[in-house]
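Engineer: Position one of the sequence shown corresponds to residue 406 (my numbering), numbered consecutively onward. Just so you know, even glycine gets a beta-carbon here, dropped at the ideal spot from N, CA and C. Dumping the structure here so I can ask a few things about it.
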Amino acid sequence: MGDEVFHYDVLVVGSGNAACSAAHAALDRKARVGILEKASKRDRGGNSALTGHMRFVFNGIEDVRPLVRNASDGELRALLERLPHRTEAELWDEIMRVTNNQSDQDMLQVHVTESLNTVHWLAGKGHDWTPAGGFKTPSDNILTMNGGGYGLQQRNFAILEKAGVLFHYETSATELIQDQQGRVVGVRALTPAGFANFYGKSVVLACGSFESNPEMRARYLGPGWDLVRLRGVPFNTGDGLRMALDIGAMPHGSWSTCHASPQDLNLPPFTIPISYSTRGSYARYMYPYSIMVNARGERFVDEAEDLRGRTYAKMGRSILAQPGGIAFQILDAKPRKMDIYPSNYDKATTAKADTLENLAEELDINVAGFVKTVREFNAAVQPGHFDPDRHKLDGKRTAGITPPKSNYALPIDEPPFEAFPVRCGMTFTFGGLKIDPKSAQVQHVAGRPIPGLYAAGEMAGGLWVGNYASGSGMMAGATFGRIAGTHAAIAALQS
Ligand SMILES: Cc1cc2nc3c(=O)[nH]c(=O)nc-3n(C[C@H](O)[C@H](O)[C@H](O)COP(=O)(O)OP(=O)(O)OC[C@H]3O[C@@H](n4cnc5c(N)ncnc54)[C@H](O)[C@@H]3O)c2cc1C
Numbered sequence: 406m407g408d409e410v411f412h413y414d415v416l417v418v419g420s421g422n423a424a425c426s427a428a429h430a431a432l433d434r435k436a437r438v439g440i441l442e443k444a445s446k447r448d449r450g451g452n453s454a455l456t457g458h459m460r461f462v463f464n465g466i467e468d469v470r471p472l473v474r475n476a477s478d479g480e481l482r483a484l485l486e487r488l489p490h491r492t493e494a495e496l497w498d499e500i501m502r503v504t505n506n507q508s509d510q511d512m513l514q515v516h517v518t519e520s521l522n523t524v525h526w527l528a529g530k531g532h533d534w535t536p537a538g539g540f541k542t543p544s545d546n547i548l549t550m551n552g553g554g555y556g557l558q559q560r561n562f563a564i565l566e567k568a569g570v571l572f573h574y575e576t577s578a579t580e581l582i583q584d585q586q587g588r589v590v591g592v593r594a595l596t597p598a599g600f601a602n603f604y605g606k607s608v609v610l611a612c613g614s615f616e617s618n619p620e621m622r623a624r625y626l627g628p629g630w631d632l633v634r635l636r637g638v639p640f641n642t643g644d645g646l647r648m649a650l651d652i653g654a655m656p657h658g659s660w661s662t663c664h665a666s667p668q669d670l671n672l673p674p675f676t677i678p679i680s681y682s683t684r685g686s687y688a689r690y691m692y693p694y695s696i697m698v699n700a701r702g703e704r705f706v707d708e709a710e711d712l713r714g715r716t717y718a719k720m721g722r723s724i725l726a727q728p729g730g731i732a733f734q735i736l737d738a739k740p741r742k743m744d745i746y747p748s749n750y751d752k753a754t755t756a757k758a759d760t761l762e763n764l765a766e767e768l769d770i771n772v773a774g775f776v777k778t779v780r781e782f783n784a785a786v787q788p789g790h791f792d793p794d795r796h797k798l799d800g801k802r803t804a805g806i807t808p809p810k811s812n813y814a815l816p817i818d819e820p821p822f823e824a825f826p827v828r829c830g831m832t833f834t835f836g837g838l839k840i841d842p843k844s845a846q847v848q849h850v851a852g853r854p855i856p857g858l859y860a861a862g863e864m865a866g867g868l869w870v871g872n873y874a875s876g877s878g879m880m881a882g883a884t885f886g887r888i889a890g891t892h893a894a895i896a897a898l899q900s
């Protein structure tokens, strides 16, 4: 196959959610679509196959109904009692809030105004959602994709294969091919049989950011990030970014920040979708109802400055900054009695003791420091009603300690005490390319669009800076993937 040459209208690099959305949209325009995927067929799916939910605008039951097949109106109404709407203004505000008003406004405008159209479009392709359960599935979005991201990706592959899209697995894009005018006309890639050229009248890059590349993580995120463990696949090594930067694409967004969240101490170095489906998630998202301490026994962060879905993506960075890059989520007996643990805590690394001293000793936490921290914390807890609702803050807080705990503050005073050791788990990096949000066409540093080149998913920079709101990556991937596939196909079929 070393000398083989392939020709498509739209050539898509990657086969995650953003790539598959681009492929669906190009097929809508009757384009011939080919997909290059670095992973084997067995290991396919990308980070997208490890996900649960999307964060989209909805104004009431009429917007949610078309997404859910197997729920009665009564069940949907009960679901919406938890979160009756997420309007365009609300989604805009919460993303600006978590990014400190640094999200690219033009990107965000499209993200917000197209999210509902996009989920309805996905439903038209054969996807559906189920009501997100209670505390056992710790989502702060009201719906979960049927079968999670794994189910979504299995459906994507089946639909696209049936429509005649050719997938080239174990095929790693290495270089963009340009014509004399600077138009991108294809991709050079390494296949198991050697290099091959794949031509496309348009090329869509959707092969992730650089989260799986230790050298790039250290270069852009800073010391310590080279050694973090991945929550996701090992394949997103920044190849698409490098290939595009090599031909003059404009970098965009925050290259020095990322999505990284609290994970079990025993998080493996990376996860591929097929193993995830048997082991489940290592996420440790009980921290808003805990206190988190480091090995010195000190608190280091406000565990509940905002809703969990609006803090977890920056919590990994705070944990990485602690001695040894680890922390401990400390809870007493009350959350067990309230039954608010997600089911994946059943497999958590944990320690339990009847006294604070014994708990600290068991985990090599400084005993005196830990006991002092808990005493001071307990004394600082203010009266008020504790309500662990993930869609609302309860205002039950501490006073007079630093850092404060702004919500869900309960004293740690009822044995047995439990501790969950956690580390920073890398989800994905925020650095990407500058695209025109209306067409997803990649922009050149000279201020012009690069003819023939489109990008989506993690590769499109600008939306996320320093932090993120849960469910947004899949939503952005589908939205800008759809836009990229549409415009790539229009350009291809005109040429
Ligand atoms: C454990 C976990 C849970 C998550 N949960 C959620 C959630 O519930 N909701 C949410 O919105 N987001 C979630 N995210 C984030 C979400 O996964 C990403 O935002 C989203 O999947 C990005 O989609 P993508 O298509 O850009 O990338 P991916 O799905 O990662 O796809 C990129 C693809 O490109 C391929 N590739 C890489 N390099 C090359 C190359 N050189 N040539 C060819 N192919 C290449 C990769 O193998 C991969 O298949 C989660 C992430 C993780 C890791």
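Between alanine 611 and ligand 1, is there a pair consisting of the residue's CB and a ligand heavy atom that are separated by less than 7 Å?
Structural biologist: Correct: alanine 611 has its Cβ closer than 7 Å to ligand 1.
Engineer: If you follow the beta strand (DSSP E) that threonine 579 is in, where does it begin and where does it stop?
Structural biologist: First-last of the beta strand (DSSP E) with threonine 579: 577-583.
Engineer: Could you give the first and the last residue of the continuous beta strand (DSSP E) run that contains methionine 697?
Structural biologist: Segment 696-698, the beta strand (DSSP E) holding methionine 697.
Engineer: Is phenylalanine 833 near ligand 2, with its Cβ less than 7 Å from a heavy atom?
Structural biologist: Ligands displayed in this structure: ligand 1; ligand 2 is not among them.
Engineer: For alanine 568, which beta-bridge partners are listed by DSSP?
Structural biologist: Alanine 568 is not bridged to any residue.
Engineer: Helix, strand or coil for histidine 490 per DSSP?
Structural biologist: Histidine 490 falls in the coil class under three-state DSSP.
Engineer: For isoleucine 564 and glycine 876, what's the separation of their Cα atoms in angstroms?
Structural biologist: Roughly 23 Å separates the two Cα atoms.
Engineer: Start and end of the alpha helix (DSSP H) containing valine 524?
Structural biologist: Looking at the DSSP string, the run of the alpha helix (DSSP H) that includes valine 524 is 510-530.
Engineer: Applying the 10 Å Cβ sphere with the 16-neighbour rule, what's the burial state of aspartate 509?
Structural biologist: It counts as buried.
Engineer: Kindly indicate which residue of His849, Ala483, Thr716, Gln514 has the alpha-carbon position closest to the one of glutamate 495.
Structural biologist: Comparing Cα-Cα distances from glutamate 495 to each of His849, Ala483, Thr716, Gln514, the minimum goes to Gln514.
Engineer: Can you tell me which of Lys839, Val462, Ala444 puts its alpha carbon nearest to the alpha carbon of threonine 576?
Structural biologist: Looking at the Cα atoms, Ala444 is the closest of the given residues.
Engineer: Can you list, in chain order, the residues of its chain whose CB lies under 8 Å from that of glutamine 668, leaving out five sequence neighbours each side?
Structural biologist: The residues are Arg634, Arg636, Tyr687, Ala688, Arg689, Gly721, Val827, Arg828, Cys829, Gly830.
Engineer: For ligand 1, is there a heavy atom less than 7 Å away from the beta-carbon of alanine 428?
Structural biologist: No - ligand 1 has no heavy atom lying nearer than 7 Å to the Cβ of alanine 428.
Engineer: Find out if the Cβ-Cβ distance for the pair leucine 432, alanine 568 is shorter than 8 Å.
Structural biologist: Yes, Cβ-Cβ distance for leucine 432 and alanine 568 is below 8 Å.
Engineer: Could you compute how far the alpha carbon of threonine 662 sits from the alpha carbon of threonine 803?
Structural biologist: In a straight line, the C-alpha of threonine 662 is about 29 Å away from that of threonine 803.
Engineer: For the beta strand (DSSP E) containing valine 415, list its first residue and its last residue.
Structural biologist: Taken as a continuous stretch (DSSP letters only), the beta strand (DSSP E) holding valine 415 covers 410-418.
Engineer: Pull up the DSSP beta-bridge partners for leucine 838, would you.
Structural biologist: DSSP lists Pro656, Ala865 as partners of leucine 838.
Engineer: Pull up the distance between the alpha-carbon of lysine 771 and that of glycine 714, whole angstroms please.
Structural biologist: According to the sequence shown, residue 771 is asparagine rather than lysine. Cα to Cα, asparagine 771 sits roughly 31 Å from glycine 714.
Engineer: How is glycine 407 classed by DSSP in three states: helix, strand or coil?
Structural biologist: Since pLDDT at glycine 407 reaches only 46, below the 50 mark, its modelled position is unreliable, and no value is offered.
Engineer: Which whole-angstrom value describes the C-beta separation of asparagine 810 and alanine 709, a residue pair presumed to lie in contact below a C-beta threshold of 8 Å?
Structural biologist: This sequence places lysine at residue 810; asparagine is not what is there. Sure, about 6 Å apart at Cβ, within 8 Å.
Engineer: Using a Cβ-based criterion (distance less than 7 Å to any ligand heavy atom), does arginine 474 qualify as near ligand 1?
Structural biologist: No, the beta carbon of arginine 474 sits no closer than 7 Å to any heavy atom of ligand 1.
Engineer: Mind pulling the alpha helix (DSSP H) runs of 4 or more residues that sit fully within the segment 744-804?
Structural biologist: Counting only runs of 4 or more, we get 761-767, 772-785.
Engineer: Taking only beta-carbon atoms, is serine 661 less than 8 Å away from chain B?
Structural biologist: Within the model displayed, chain B is absent; a lone protein chain is all it includes.
Engineer: Which parts of the segment 584-615 are runs of the beta strand (DSSP E), unbroken and 3 residues or longer, counting only runs that do not cross its ends?
Structural biologist: Complete beta strand (DSSP E) runs here, min 3: 589-596, 599-610.
Engineer: Please say whether valine 417 and alanine 594 have beta carbons closer to each other than 8 Å?
Structural biologist: Not closer than 8 Å, so no.
Engineer: Within the chosen definition, does the segment 453-467 reach the segment 540-560 through at least 3 CB pairs nearer than 8 Å?
Structural biologist: Touching, yes, given that three or more Cβ pairs across the two stretches are closer than 8 Å.
Engineer: Look at the alpha carbon of valine 503 and the alpha carbon of aspartate 759, and state the distance between them as a whole number of angstroms.
Structural biologist: Cα to Cα, the separation comes out at about 38 Å.
Engineer: CA-CA distance, methionine 406 and alanine 598?
Structural biologist: Low local confidence applies: a pLDDT of 44 at methionine 406 is under 50, so the model's placement there is unreliable, with the coordinate-based value given in what follows. Spanning the two alpha carbons is a distance of roughly 6 Å.
Engineer: Straight-line CA distance for proline 471 to glycine 629?
Structural biologist: Rounded to the nearest angstrom, the two C-alpha atoms are 45 Å apart.
Engineer: Can you name the residues that DSSP bridges to serine 666?
Structural biologist: According to DSSP, serine 666 bridges with Gly830.
Engineer: Considering only the alpha carbon of each residue, which of Asn475, Ser900, Leu761 lies closest to threonine 778?
Structural biologist: Nearest of Asn475, Ser900, Leu761 to threonine 778, Cα basis: Leu761.
Engineer: According to DSSP, simplified to helix, strand and coil, what is leucine 898?
Structural biologist: Helix at leucine 898.
Engineer: In chain order, what residues of the same chain lie with their CB nearer than 7 Å to the CB of glutamate 766, ignoring the 5 residues before and after it?
Structural biologist: Val772, listed in sequence order.
Engineer: To the nearest whole angstrom, what separates the beta carbons of glycine 605 and valine 415, a pair I think is in contact under 8 Å?
Structural biologist: Yes, glycine 605 and valine 415 are in contact; Cβ-Cβ is about 6 Å, under 8 Å.
Engineer: As a quick exercise: from Asp711, Glu819, Leu488, pick the residue whose alpha carbon is nearest that of proline 740.
Structural biologist: Minimum Cα distance to proline 740 is reached at Glu819.
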